[in-house]
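**Student:** Its first residue numbered 2, the sequence shown is counted upward by one per residue in this note's numbering.
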Amino acid sequence: MSAVSQLFDRFLGRGDWAVTVPTLDGPLLPNQGLEEAETFVSLADADNLVRTDKGVLASSAASLVRFGADGHAEVLQQFPGEITALAHARGMTALAVDGKGVAIRGGLHDGREATGDEALRLSCITALTFLDSNTVLIANGSASVPAGGWRRDLMQKNASGSLWRLDLKSGRLELISDGLAWPAGIATTGSNRIYVTEAWRHRVLAIDLATKTTTAVLEHLPAYPARIAPAFNAGYWLTFYSVRNQLVEFILREETYRKRMLAEVPEQFWVAPSLSSWRDYREPMQGSQLKQMNVLKPYAVTRSYGLVVHCDQNMKPLSSFHSRADGTVHGTVSACEAGDDLLVASRGGSRVVRVAGAAGGKRG
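Spelled out as structure tokens, the structure:
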């Protein structure tokens, strides 16, 4: 595109300079599925849900927690930093601690760690999954910020994320793909193809591990995709940090304002997506976010939101569960099935909710 065309696009607000956001429609039509779900367990900074034979594992900041079918929680271990990713398969649990690399607990490779110089290359691990008994796939969200700095990475317009393969026998790391705009979730497909979410480009990618070719399979999402969990019918559960916002889209294109905001405004008050909102009067607001007759409208523009989408084996959305602007089950960055139910970790709401019957193919 020529410089003149870019100038006209910027003046007219079209092309790369458009601030329009795709609507929540079709299978993503808003509902109250998450907001009306029962609270399974209260858990501060609830994240990283993984099902095992002994119960469901979750992380709560630096704590590894396991809870059973009755919701009773047991702290298994405390770590020296925040747990940023979990995976479980074949009796092995892989976990990432912020800035410390990857460690394997239990099973064939118990005690194996990717630390030291390797950890310096994996300083922002956002997702893990086992490819087979000897291989773990690792998503590194950014080369410049830690995993907790996702908002800064977005507002700095970074694209330094990468995907790695870790050989658990030798400890060798292999780069699969880089230049990614915050890869936040990985899912295997039973073949050489895997799915990876690319949050800041609002899409899901299919990557061929043999050829390392990349294809977008789900694009133009109205929200920032996070982790992917397997579903009962060979499909997937796709979770999200929050929905996109026209004001945020506008600020991402206004370089002078964006840079001053990052330099001068405390991060919790940025005009940026969030895992929760409505907790401080100093938070940025738009007109529709103001209460009318002491009621916040569910369709109001919002910085935080709860959204989980059920997709088929080709990542085509089938249905969804929401917590809207007036809800509190926001920041839904992880999910897993437990029997016939779907468990969803609301990091913004500090709880895990249970959507009854969702894993049996029913809408909430």
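Even glycine gets a Cβ: it sits at the ideal position worked out from N, Cα and C.
Computed from a predicted model, the values in this text were never measured in an experiment.
For a test of your reading of the model: does the CB of R325 fall under 7 Å from any non-hydrogen atom of the ligand HEM? Yes or no.
**Tutor:** Within the structure as shown, the ligand HEM is missing, as the structure has no ligands at all.
**Student:** Measure the C-alpha to C-alpha separation of D241 and S305 and round it to an integer number of angstroms.
**Tutor:** Note that residue 241 corresponds to Phe in the displayed sequence, not to Asp. Answer to the nearest angstrom: the Cα atoms are 10 Å apart.
**Student:** Would you list the residues sitting across from H89 in a DSSP beta bridge?
**Tutor:** T94.
**Student:** Taking L343 as the reference, which of L263, D281, W238, P274 has the closest Cα?
**Tutor:** Nearest of L263, D281, W238, P274 to L343, Cα basis: W238.
**Student:** Taking only the alpha-carbon atoms, compute the straight-line gap between A207 and W271 and give it to the nearest angstrom.
**Tutor:** Approximately 32 Å between the Cα atoms of the pair.
**Student:** Let me make sure I understand the geometry here. Which of Q314, M286, A88, F131 has the alpha-carbon closest to that of A235?
**Tutor:** Considering only alpha carbons, the answer is Q314.
**Student:** Using a threshold of 8 Å, state whether the C-beta atoms of A227 and G180 are closer than that.
**Tutor:** In this structure, G180 does not lie closer than 8 Å to A227 by Cβ.
**Student:** Distance check for V76 and V146, CA to CA, integer angstroms please.
**Tutor:** Going by the C-alpha atoms only, they are around 28 Å apart.
**Student:** I need the boundaries of the beta strand (DSSP E) containing E39, first residue and last residue.
**Tutor:** It spans 39–43 - the beta strand (DSSP E) in which E39 sits, taken as one unbroken run.
**Student:** Apply the 10 Å Cβ neighbour rule to A217 and answer buried if 16 or more other Cβ atoms are within range, or exposed otherwise.
**Tutor:** A217 is exposed by the Cβ-count criterion.
**Student:** Using the Cα positions of F233 and G191, report the straight-line distance between them to the nearest angstrom.
**Tutor:** Cα to Cα, F233 sits roughly 14 Å from G191.
**Student:** Could you tell me the alpha carbon to alpha carbon distance between R364 and S143, rounded to whole angstroms?
**Tutor:** Caution applies to R364, whose pLDDT of 41 falls short of 50 and renders its modelled position unreliable; the model cannot decide the point.
**Student:** From the beta carbon of G307, is the nearest beta carbon of chain C less than 8 Å away?
**Tutor:** The structure shown has no chain C; it contains just one protein chain.
**Student:** State the start and end residues of the unbroken beta strand (DSSP E) segment that holds E75.
**Tutor:** Where E75 is concerned, the enclosing beta strand (DSSP E) stretches over 74–79.
**Student:** Is it buried or exposed, N159, if we count other Cβ atoms within 10 angstroms and call 16 or more buried?
**Tutor:** Result: buried.
**Student:** Among the residues of its own chain, which have a CB less than 8 Å from the CB of G362, if the five just before and after it don't count?
**Tutor:** The predicted position of G362 is uncertain, since its pLDDT is 47 and thus under 50; a value taken from the coordinates is nonetheless stated next. Same-chain partners within the cutoff: F233, N234.
**Student:** Got a sec? Which residues, its chain only, sit under 8 Å from V354 by beta carbon, not counting five neighbours each side?
**Tutor:** For V354, where only same-chain residues beyond five positions count, the Cβ hits under 8 Å are L35, A38, E39, T40, F41, V330, L344, V345, S347.
**Student:** Determine the closest residue to G82 out of V103, T136, G92, T94, with distance taken between C-alpha atoms.
**Tutor:** Minimum Cα distance to G82 is reached at V103.
**Student:** Measure how close the beta-carbons of R152 and A47 come, nearest whole angstrom, since I'm counting them as under 8 Å.
**Tutor:** Contact doesn't hold; Cβ gap of about 18 Å is too wide.
**Student:** Would you mind sorting H73 into buried or exposed? The rule is 16 or more other CB atoms within 10 Å of its CB.
**Tutor:** Classification for H73: exposed.
**Student:** Classify G112: buried if its beta carbon has 16 or more other beta carbons within 10 angstroms, exposed otherwise.
**Tutor:** Exposed, since its Cβ has fewer than 16 Cβ neighbours within 10 Å.
**Student:** Leaving out five residues before and five after L44 in sequence, what residues of the same chain have Cβ atoms less than 8 Å from its Cβ?
**Tutor:** If we look at L44 and ignore the five residues flanking it on each side, its Cβ neighbours are A59, S61, V66, A74, A346, S351, R352, V353.
**Student:** Name, in chain order, the residues that DSSP records as bridge partners for R228.
**Tutor:** Answer by DSSP bridge pairing: none, since R228 is not bridged.
**Student:** Between which two residues does the beta strand (DSSP E) harbouring V197 extend?
**Tutor:** Counting along the chain, the beta strand (DSSP E) containing V197 begins and ends at 194–199.
**Student:** With C-beta atoms as the reference, is A86 less than 8 Å away from L129?
**Tutor:** Taking 8 Å as the Cβ cut-off, A86 and L129 qualify as a contacting pair.
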